[in-house]
Amino acid sequence: MGLCYFETLWRMSNNHRIVEWSINDGIFDVFLRTLMSRHSGAADPLGEVAHTFHDNLVYWRVLYAFHKKHHHEIPMLRPLAKQFPVLNNLVIAYEERSIVLQAARNEWTEMRQRCSYHQCQHHTEGTLLRQCSCRGAWYCSLNCQRKHWGEWHHKRCAAMDANNHGKTTPRDLHFIALLCVTHLRKNKDSILADILALDPSHRHLLSIGVNLQSPTIMHMVGIFQDRVPEETWLGMIYASWREGGEERTAPMQRAINLDDWEEKVELPL
Ligand SMILES: [Zn+2]
Ligand SMILES: [Zn+2]
1 MGLCYFETLW RMSNNHRIVE WSINDGIFDV FLRTLMSRHS GAADPLGEVA HTFHDNLVYW
61 RVLYAFHKKH HHEIPMLRPL AKQFPVLNNL VIAYEERSIV LQAARNEWTE MRQRCSYHQC
121 QHHTEGTLLR QCSCRGAWYC SLNCQRKHWG EWHHKRCAAM DANNHGKTTP RDLHFIALLC
181 VTHLRKNKDS ILADILALDP SHRHLLSIGV NLQSPTIMHM VGIFQDRVPE ETWLGMIYAS
241 WREGGEERTA PMQRAINLDD WEEKVELPL
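Its first residue numbered 1, the sequence shown is counted upward by one per residue in UniProt numbering.
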């Protein structure tokens, strides 16, 4: 499969499963071969293809496909990456994101064993049988599903979101949220310094934007709104990534308690 063909397919579909399938079919090997023979004079689609790869590495399917097929090659690619910025960006993005894969799988399995209705939270050893059609909520009974729907899930259910077109699924959002939390944990000291510089007297609720659009994950702290003194001092996490080639920003349903920097384990449903 040629790189131009891949790019055309991607532009027409804007569906990250195309990228997953292409990786399984060996598109990255074609990418590398083309990179090594750059002076062949042919039109150079490498930059575009690298962007496509990179934008899609926030999707756990794409990352997992790449990980399964190429993780053992990464040590060999590092010296090569020093010569080629497009490859370097990919290696950086892969290494920063792939550390979350296992934790995300474990947490997702755990979630599928617990009734999503917060007043129930019944736990089972196997997967709960009743699943919402969005594949992002699970129940022990019809009763729990109905109650959860009425009280909360109808506002959140991805199956109800006409703008979503099935692109970023609840499981993708869960993965993106874990990428954010992992980044924030790793860079805790510098983020805390930014927060204290912005809001030294703890008078605001803050927004912490995590940008997953560049090879290295970045963040920015801003003021969200004034804080009621009795309420906890919180930082709300927002993520931005590229969905189908376009920027998308969404709240992550996770917040950091800034007083003691404890991450709440609310799930992005
Ligand atoms: Zn239940
Ligand atoms: Zn749902």
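Just so it is clear, CB atoms sit at the ideal spot from N, CA and C, and this is done for glycine as well.
Among the options, nearest to residue i - alpha-carbon criterion
{"i": "LYS186", "options": "HIS202, VAL210, LEU196 and ASP199", "result": "VAL210"}
{"i": "ALA108", "options": "MET76, PHE53 and THR169", "result": "According to the sequence as given, residue 108 is Trp; it is not Ala. Here the closest residue by C-alpha is THR169."}
{"i": "ILE23", "options": "GLN213, HIS71 and LEU206", "result": "HIS71"}
{"i": "ILE18", "options": "ILE74, ALA193 and LYS167", "result": "LYS167"}
{"i": "GLY245", "options": "GLN113, GLU125, VAL58 and MET220", "result": "VAL58"}
{"i": "LYS188", "options": "MET218, LYS68 and GLU151", "result": "MET218"}
{"i": "residue 277", "options": "GLU247, ARG105, ILE27 and HIS16", "result": "Nothing in the structure corresponds to residue 277, since the chain is present only between 1 and 269."}
{"i": "ARG38", "options": "PHE84, GLU247 and LEU9", "result": "PHE84"}
Pairwise C-alpha distance: residue j and residue i
{"i": "ALA65", "j": "ARG227", "result": "43 Å"}
{"i": "LEU178", "j": "TRP138", "result": "20 Å"}
{"i": "ASN14", "j": "PHE53", "result": "12 Å"}
{"i": "ASP55", "j": "HIS202", "result": "35 Å"}
{"i": "ARG11", "j": "CYS120", "result": "44 Å"}
{"i": "ILE256", "j": "GLN213", "result": "22 Å"}
{"i": "VAL30", "j": "GLU7", "result": "13 Å"}
{"i": "ARG146", "j": "LEU128", "result": "15 Å"}
{"i": "LEU205", "j": "ARG156", "result": "23 Å"}
{"i": "ARG97", "j": "ARG171", "result": "15 Å"}
{"i": "ASN143", "j": "ILE195", "result": "43 Å"}
{"i": "THR216", "j": "VAL91", "result": "10 Å"}
{"i": "ALA158", "j": "CYS134", "result": "5 Å"}
{"i": "TRP261", "j": "LEU9", "result": "44 Å"}
Chain-order list of residues whose beta-carbon lies under 8 Å from that of residue i (same chain, five-residue window excluded)
{"i": "VAL86", "result": "LEU35, LEU46, GLY47 and ALA50"}
{"i": "PHE224", "result": "HIS204, LEU205, LEU206, SER207 and MET236"}
Backbone secondary structure at residue i - three-state DSSP
{"i": "PHE84", "result": "coil"}
{"i": "HIS204", "result": "strand"}
{"i": "ILE99", "result": "coil"}
{"i": "ASN106", "result": "helix"}
{"i": "PRO215", "result": "coil"}
{"i": "GLN113", "result": "coil"}
{"i": "GLN119", "result": "coil"}
{"i": "TRP261", "result": "coil"}
{"i": "GLY47", "result": "helix"}
{"i": "GLY41", "result": "Note that GLY41 scores a pLDDT of 46, beneath 50, so its modelled location is shaky; the value from the coordinates is reported in the next line. If DSSP states are grouped into helix, strand and coil, GLY41 belongs with coil."}
{"i": "THR232", "result": "coil"}
{"i": "ALA177", "result": "helix"}
{"i": "TYR64", "result": "helix"}
{"i": "GLU247", "result": "strand"}
Own chain partners of residue i with C-beta closer than 6 Å, once the 5 adjacent residues on each side are dropped
{"i": "TRP233", "result": "HIS202, LEU258 and ASP259"}
{"i": "PRO251", "result": "TYR238"}
{"i": "VAL62", "result": "HIS16, VAL19, GLU20 and ASN56"}
{"i": "ILE131", "result": "Note on residue identity: the sequence assigns Gln, not Ile, to residue 131. Excluding residues within five positions, the ones whose Cβ falls inside 6 Å are TRP138."}
Proximal residues to residue i (C-beta, below 7 Å), its chain only, five neighbours per side dropped
{"i": "SER116", "result": "ALA137, TRP138, TYR139, HIS148 and LEU269"}
{"i": "ALA93", "result": "HIS54, LEU57 and PRO215"}
* Neighbouring residues (CB closer than 6 Å to any heavy atom of ligand 1) -> CYS115, TYR117, CYS120, HIS122, TYR139, CYS140, SER141 and CYS144
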